[in-house]
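First residue of the sequence shown: 1, per full-length UniProt numbering; consecutive thereafter.
Beta carbons are placed, not taken as given, at the ideal position from N, Cα and C, and that holds for glycine.
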Amino acid sequence: MTMQRVMNKMKINVPSIPCGTSLVAVVDLFVKHQINAVPVVDLTNEVIGFVSESDCLQALISGSYHCDKPAIVNDVMSKNVVSVSPQDSIIDIAIRMTKDNLSVYPVVEGRQLVGIIRRGDILQVLAENNNQCSQVS
């Protein structure tokens, strides 16, 4: 297998959100961009959190049922962000994904968000390499 790097397969120009964003707006972003998680960034584009569909689910259930005040991303985001570097190998990230049970990682360089890498991106590389291996045999 050729050594593939995250930088070759990551999605760039990805949506991110600032603190204070309503969960309804976050869900709209998930739908619009067909993603299931999004980085939360500060004014300098530094990743300070990460929010997924499952993070939003409980808060939106409670808000819908009890008509609570609308939740914002700060209420549910994960502050211990697990990120990867553009230089990381796809194989290493694939192994991490199986251990971390995550489907999306923010790609960070020098504390700044530069993209995301999704499970589907990783699977695509692995499938392509698998095809190359079977053609060699």
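If you run the structure through DSSP and keep just helix, strand and coil, what is Val14? Val14 falls in the coil class under three-state DSSP.
In whole angstroms, what separates the C-alpha of Ile91 from that of Gln4? Looking at the two C-alpha atoms, the distance is approximately 8 Å.
One question on the structure: do Val73 and Val26 come within less than 8 Å of each other, judged by their Cβ atoms? Result yes, Cβ atoms of Val73 and Val26 sit closer than 8 Å.
For Ile17 and Ile95, I'd like the C-alpha separation in whole angstroms. A direct Cα-to-Cα measurement between Ile17 and Ile95 gives close to 28 Å.
Environment of Cys56 [buried if 16+ CB atoms lie within 10 Å]: Sixteen is the threshold: when 16 or more other Cβ atoms of the shown chains lie within 10 Å of the Cβ of Cys56, as they do, the residue is buried.
Tell me the rounded alpha-carbon separation between Ala127 and Lys9. Spanning the two alpha carbons is a distance of roughly 13 Å.
Roughly how many angstroms lie between the CA atoms of Ile93 and Met77, to the nearest whole one? Approximately 22 Å, taken between the alpha carbons.
State buried or exposed for Asp121, treating a residue as buried only when at least 16 other CB atoms are found within 10 Å of its CB. Buried, because 16 or more other Cβ atoms sit within 10 Å of the Cβ of Asp121.
Look up Gln124 in the DSSP assignment and say whether it is helix, strand or coil. Reduced to three states, the DSSP call for Gln124 is helix.
How should Ile117 be labelled, buried or exposed, when 16 other C-beta atoms within 10 angstroms of its C-beta is the threshold for buried? Here Ile117 is buried: its Cβ has 16 or more other Cβ atoms, across all protein chains shown, within 10 Å.
Relative to the C-alpha of Asp42, which candidate in Cys19, Ser83 and Thr98 has its C-alpha closest? Of the residues Cys19, Ser83 and Thr98, the one whose Cα lies closest to the Cα of Asp42 is Cys19.
Residue closest to Val108, alpha-carbon to alpha-carbon, out of Gly49, Val24, Gln58 and His33: Comparing Cα positions, the closest option is Gly49.
At which residues does the beta strand (DSSP E) containing Leu113 begin and terminate? DSSP places Leu113 in the uninterrupted beta strand (DSSP E) bounded by Gln112 to Arg118.
Residue of Leu113, Val84 and Asn45 minimising C-alpha distance to Arg119: For the set Leu113, Val84 and Asn45, the Cα lying nearest the Cα of Arg119 is the one of Val84.
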